[in-house]
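Colleague: Here the protein sequences come in this chain order: A and B. Those letters in the first sequence? Residues 354 to 694, by the numbering used here. Those letters in the second sequence? Residues 354 to 694, by the numbering used here.
2 protein chains.
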Amino acid sequence: MIIDIHGHYTTAPKALETWRNRQIAGITNPVEMPKASELRISDDELRESIESNQLRLMRERGLDLTIFSPRASFMAHHIGDFQVSSTWAAICNELCYRVSRLFPNHFTPAAMLPQSPGVDPATCVRELVKCVEDFGNVAINLNPDPSGGRWNSPPLSDRYWYPIYEKMVEYDIPAMIHVSTSCNPCFHTTGAHYLNADTTAFMQCLTSDLFKDLPTLRFIIPHGGGAVPYHWGRFRGLAQEMKKPLLKDHLLNNIFFDTCVYHQPGIDLLTHVIPVDNILFASEMIGAVRGIDPETGHSYDDTRRYIEAAHVDPEQRHRIYEVNARRVYPRLDAALQAKGR
Amino acid sequence: MIIDIHGHYTTAPKALETWRNRQIAGITNPVEMPKASELRISDDELRESIESNQLRLMRERGLDLTIFSPRASFMAHHIGDFQVSSTWAAICNELCYRVSRLFPNHFTPAAMLPQSPGVDPATCVRELVKCVEDFGNVAINLNPDPSGGRWNSPPLSDRYWYPIYEKMVEYDIPAMIHVSTSCNPCFHTTGAHYLNADTTAFMQCLTSDLFKDLPTLRFIIPHGGGAVPYHWGRFRGLAQEMKKPLLKDHLLNNIFFDTCVYHQPGIDLLTHVIPVDNILFASEMIGAVRGIDPETGHSYDDTRRYIEAAHVDPEQRHRIYEVNARRVYPRLDAALQAKGR
Chain A
354 MIIDIHGHYT
364 TAPKALETWR
374 NRQIAGITNP
384 VEMPKASELR
394 ISDDELRESI
404 ESNQLRLMRE
414 RGLDLTIFSP
424 RASFMAHHIG
434 DFQVSSTWAA
444 ICNELCYRVS
454 RLFPNHFTPA
464 AMLPQSPGVD
474 PATCVRELVK
484 CVEDFGNVAI
494 NLNPDPSGGR
504 WNSPPLSDRY
514 WYPIYEKMVE
524 YDIPAMIHVS
534 TSCNPCFHTT
544 GAHYLNADTT
554 AFMQCLTSDL
564 FKDLPTLRFI
574 IPHGGGAVPY
584 HWGRFRGLAQ
594 EMKKPLLKDH
604 LLNNIFFDTC
614 VYHQPGIDLL
624 THVIPVDNIL
634 FASEMIGAVR
644 GIDPETGHSY
654 DDTRRYIEAA
664 HVDPEQRHRI
674 YEVNARRVYP
684 RLDAALQAKG
694 R
Chain B
354 MIIDIHGHYT
364 TAPKALETWR
374 NRQIAGITNP
384 VEMPKASELR
394 ISDDELRESI
404 ESNQLRLMRE
414 RGLDLTIFSP
424 RASFMAHHIG
434 DFQVSSTWAA
444 ICNELCYRVS
454 RLFPNHFTPA
464 AMLPQSPGVD
474 PATCVRELVK
484 CVEDFGNVAI
494 NLNPDPSGGR
504 WNSPPLSDRY
514 WYPIYEKMVE
524 YDIPAMIHVS
534 TSCNPCFHTT
544 GAHYLNADTT
554 AFMQCLTSDL
564 FKDLPTLRFI
574 IPHGGGAVPY
584 HWGRFRGLAQ
594 EMKKPLLKDH
604 LLNNIFFDTC
614 VYHQPGIDLL
624 THVIPVDNIL
634 FASEMIGAVR
644 GIDPETGHSY
654 DDTRRYIEAA
664 HVDPEQRHRI
674 YEVNARRVYP
684 RLDAALQAKG
694 R
């Protein structure tokens, strides 16, 4: 089985964006604020949006299952207050849940959180609990910078984040560390902010003893780990100067990288440098980079091709495709086992 | 000849730091503000600080010449106002100039600028002119985020920066895009902020038409280009979606990457993905990562070893070591030619 651990619902029916725009207008003009119940999307519309997009490409590419979360750039935690984020997260999570019910063999949901800048992360726990207990979510996406490019929250190692971590540990679910749209004109969202956040999060973990404190906490750093594998020597050297343990002992029981790196040399470096048990297959399809690479004639985000061509043996490839995901997402494994998969 | 285009004066005599601490104290308590003339460092002290450090390692590693600029993390443009930065930049630039006079065959200076958050970059031109005309500087270091991790200056593509660019074009000098210390607790200075700035700067150029406007402007993106070469497919794909030209036409006449990547697989990726004419040898020695890599038994920042082992032929290696630097830094080439080198 091939599990893609990083998919977002980027193709939701237009009604979702229309509702969100009304919600944003309602922040300054409360009479325009729509009710959640005013958003109506039928199962047929959901089915169509998935079958003609993600599921079509999964079939073409031979991918079996996607861990599916709300569109990352649309989380936009910086917009409005906690109440705005709370309503928006509930709506987006419900849509991913419905997709997972319509296509139970192909999609398993992961939740966005109703984060809001400056608001205690404990406020996110209620949505997290609902998504795990009622909706069968197997993971969360945690935004280390809900400000959208101002970076004014404490680092991930701060006890500020512990209310979320404690629930993650209790449920044994990992978090993908994933920012949303940048509203800082310095940072292009998918070309700079995403990759910077990946590198930043890794370094926040490296300088801390977070995983000594919470040894079962698990983070996925997406987009191939930002700059981290390319600069693995730099990070090993920095850890050494700080008298930290070797990175494999200090971080690699808790941190995992996905394979959202859109060319062969990048994947070759990733699989060469990072232990295979810390690499999880993903494509972030349909996402930031949707075109065809003229150098290969294939989609940039068809990451399976790179993994197939990488210098790993079949057993290692199987770990990247399936075994690691089942280990890092135990609730996914349990759900699959319950179905005899 | 082997030219290291990225060295900072990280080993300046202690008196420099003491003076700076007095200057910082003087910001809040003006009676403590020292005069520039109160800093006294003898030629012997300068000689000793270089001979026992950078020059010793250059000899050990077979490096001939270093483009030498003030310590990047000490630029700290966020401290104080323009006057504070102006005095500090003048002092630091003069020290690098003196080093270049003491060791004319081994060090050529590059200037830091007296940037200050929110202050018009035109105020930096006077120091730039002095450093080029009087001190023989062949390049500048330009900080895209003088706030130190708040990222509240306009992107590098903004006309805000043009007063500096116009002087660069007039003098035909390149800028290394290099941030300084992060005062944002989210960003570790050398493990996150530096690499993020590299990626950010590249993407600011990619989304703009800066080099169409100023076709001879040249930037060096240090630290191997941050996350850029590892994600080269992502950047190619993003440019394609934005209907920009191919990156080689859009950016690679103007953007160059150094080789400050501290392990073999990273250098292998860099030399595989980026055209050899856009790669300039550098080590940033003595800098962020000073230890011995237990996996190789050699210094992490002994980047010559990686270039020697990379899959490039001798002619390409010669370009990385010397030819490209002479082309990208024409004032360096002119100075070398004047000496018959």
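Where is the CB? At the ideal position from N, CA and C, for every residue including glycine.
Does the stretch 535-544 of chain A come close enough to the stretch 531-540 of chain B to have 3 or more Cβ pairs within less than 8 Å?
Modeller: With a cut-off of 8 Å, the stretch 531-540 of chain B and the stretch 535-544 of chain A do not count as touching, because too few Cβ pairs lie within range.
Colleague: In angstroms, rounded to a whole number, what distance separates the CA positions of A:F421 and A:Y682?
Modeller: Counted from its first residue, the first sequence places residue 421 of chain A at position 68. Counted from its first residue, the first sequence places residue 682 of chain A at position 329. Taking the straight line from one Cα to the other gives about 13 Å.
Colleague: On the DSSP letters alone, give me the boundaries of the alpha helix (DSSP H) that B:P516 sits inside.
Modeller: Sequence index remark: in the second sequence, residue 516 of chain B carries index 163 (1-based). That run of the alpha helix (DSSP H) goes 515-524.
Colleague: Near A:G433, what residues of its chain come up, given a Cβ to Cβ distance below 6 Å and the 5 sequence neighbours on each side ignored?
Modeller: In the first sequence, counting from the first residue as 1, residue 433 of chain A sits at position 80. Around A:G433: I380.
Colleague: Does the beta-carbon of B:P647 have 16 or more other beta-carbons within 10 angstroms, so that it is buried, or is it exposed?
Modeller: Counted from its first residue, the second sequence places residue 647 of chain B at position 294. Flag for B:P647 reads exposed.
Colleague: For A:I627, which residues from the same chain have a beta carbon less than 7 Å from its beta carbon, with the 5 sequence-adjacent residues on both sides left out?
Modeller: To locate residue 627 of chain A, count along the first sequence from 1; it is residue 274. Excluding sequence neighbours, A:I627 sits near P582, F610.
Colleague: Excluding the five sequence neighbours on either side, which residues of its own chain have a C-beta within less than 7 Å of the C-beta of B:V472, listed in chain order?
Modeller: The residue given as residue 472 of chain B occupies position 119 in the second sequence. Taken in chain order, the residues that qualify are F435.
Colleague: Which residue wins for smallest C-alpha separation from A:E519, given the options A:G502, A:F564, A:T552, A:V532?
Modeller: Walking along the first sequence from the start, residue 519 of chain A turns up at place 166. Answer by Cα proximity: A:F564.
Colleague: Suppose you measure from the CA of B:R571 to the CA of A:P527; what does that come to, to the nearest Å?
Modeller: Looking up residue 571 of chain B in the second sequence gives position 218. Looking up residue 527 of chain A in the first sequence gives position 174. Cα-Cα distance, rounded: 43 Å.
Colleague: Taking the alpha helix (DSSP H) that B:I444 belongs to, which residues open and close that run?
Modeller: The residue given as residue 444 of chain B occupies position 91 in the second sequence. From DSSP, the alpha helix (DSSP H) with B:I444 extends over 435-455.
Colleague: Nearest to B:A378 by CA position, among B:H616, B:V437, B:T419, B:A463, is which residue?
Modeller: Position 25 of the second sequence, counting from 1, holds the residue named residue 378 of chain B. Checked all of B:H616, B:V437, B:T419, B:A463; the closest Cα to B:A378 is B:V437.
Colleague: Going by CA-CA distance only, name the one from B:V485, B:F460, B:S500 that's closest to B:M468.
Modeller: By one-based count along the second sequence, residue 468 of chain B stands at place 115. According to the sequence as given, residue 468 of chain B is Gln; it is not Met. Comparing Cα positions, the closest option is B:S500.
Colleague: In whole angstroms, what is the alpha-carbon distance linking A:T363 and B:A554?
Modeller: Position 10 of the first sequence, counting from 1, holds the residue named residue 363 of chain A. Position 201 of the second sequence, counting from 1, holds the residue named residue 554 of chain B. A:T363 and B:A554: Cα-Cα distance of roughly 27 Å.
Colleague: Give the residues of chain B in contact with A:D646, contact being defined as C-beta atoms less than 9 Å apart.
Modeller: Locating residue 646 of chain A in the first sequence gives position 293, counting from the first residue. Chain B residues near A:D646: G586, R589, G590, Q593.
Colleague: Mapping DSSP to helix, strand and coil, what is A:T371?
Modeller: Stepping through the first sequence from its first residue, residue 371 of chain A is reached at position 18. If DSSP states are grouped into helix, strand and coil, A:T371 belongs with the helices.
Colleague: Determine the burial state of B:I645: buried for a count of at least 16 other Cβ atoms within 10 Å of its Cβ, exposed for fewer.
Modeller: What you label residue 645 of chain B is simply residue 292 of the second sequence in a count that begins at 1. Burial call: exposed.
Colleague: Consider the Cβ of A:V642: report whether some Cβ of chain B lies at a distance smaller than 7 Å.
Modeller: For the purposes of this step, residue 642 of chain A is taken as residue 289 along the first sequence, with counting starting at 1. Yes, its Cβ sits closer than 7 Å to a Cβ of chain B.
Colleague: With a threshold of 8 Å, are at least 3 pairs of Cβ atoms found where one atom belongs to the stretch 361-376 of chain B and the other to the stretch 387-395 of chain B?
Modeller: Cβ pair count under 8 Å is three or more, so yes.
Colleague: Would DSSP call A:N494 helix, strand or coil?
Modeller: The residue labelled residue 494 of chain A in the question sits at position 141 within the first sequence. Strand, per DSSP.
Colleague: Quick check: A:H576 and A:Y547, are their CB atoms within less than 7 Å of each other?
Modeller: If you number the first sequence from 1, residue 576 of chain A lands on position 223. If you number the first sequence from 1, residue 547 of chain A lands on position 194. Taking 7 Å as the Cβ cut-off, A:H576 and A:Y547 qualify as a contacting pair.
Colleague: Taking 6 Å as the cut-off, is the C-beta of B:F609 nearer than that to any heavy atom in the ligand HEM?
Modeller: In the structure on display, the ligand HEM does not appear, and there are no ligands present to speak of.
Colleague: Counting along the chain, where does the beta strand (DSSP E) carrying A:S422 start and finish?
Modeller: If you number the first sequence from 1, residue 422 of chain A lands on position 69. Where A:S422 is concerned, the enclosing beta strand (DSSP E) stretches over 418-423.
Colleague: Evaluate contact between the stretch 675-692 of chain A and the stretch 663-678 of chain B, counting only Cβ atoms and requiring at least three cross-stretch pairs below 8 Å.
Modeller: Too few Cβ pairs lie closer than 8 Å, so no.
Colleague: Can you find the residues in the same chain that come closer than 6 Å, C-beta to C-beta, to A:Y524, ignoring five residues on each side of it along the sequence?
Modeller: As a working mapping, residue 524 of chain A is identified with position 171 in the first sequence. Counting only Cβ-Cβ distances below 6 Å, and skipping sequence neighbours, we find V485.
Colleague: Could you round the C-beta distance between B:N505 and B:P470 to whole angstroms and report it? I think they count as a contact, below 8 Å.
Modeller: As a working mapping, residue 505 of chain B is identified with position 152 in the second sequence. As a working mapping, residue 470 of chain B is identified with position 117 in the second sequence. That belief holds up - the Cβ atoms of B:N505 and B:P470 are roughly 7 Å apart, short of 8 Å.
Colleague: For the stretch 519-545 of chain A, enumerate the residues whose C-beta is nearer than 7 Å to any C-beta of chain B, in chain order.
Modeller: Those would be N537, P538, C539, F540, H541, T543, G544, A545, in chain order.
Colleague: Taking 7 Å as the CB-CB cut-off, is B:V626 touching chain A?
Modeller: Numbered from 1 along the second sequence, position 273 holds the residue referred to as residue 626 of chain B. Closer than 7 Å to some Cβ of chain A, the Cβ of B:V626 qualifies, so yes.
Colleague: Whole angstroms are fine: how far does the CA of B:N631 sit from the CA of A:G502?
Modeller: As a first step, residue 502 of chain A must be located in the first sequence, where it is residue number 149. As a first step, residue 631 of chain B must be located in the second sequence, where it is residue number 278. A:G502 and B:N631: Cα-Cα distance of roughly 30 Å.
Colleague: At what residues does the alpha helix (DSSP H) containing A:D551 begin and finish?
Modeller: Here the question's residue 551 of chain A lines up with position 198 in the first sequence. From DSSP, the alpha helix (DSSP H) with A:D551 extends over 547-559.
Colleague: State whether the stretch 656-673 of chain B contacts the stretch 604-623 of chain B, with contact taken as three or more CB pairs (one from each stretch) at a distance under 8 Å.
Modeller: Result yes; three or more Cβ-Cβ pairs closer than 8 Å.
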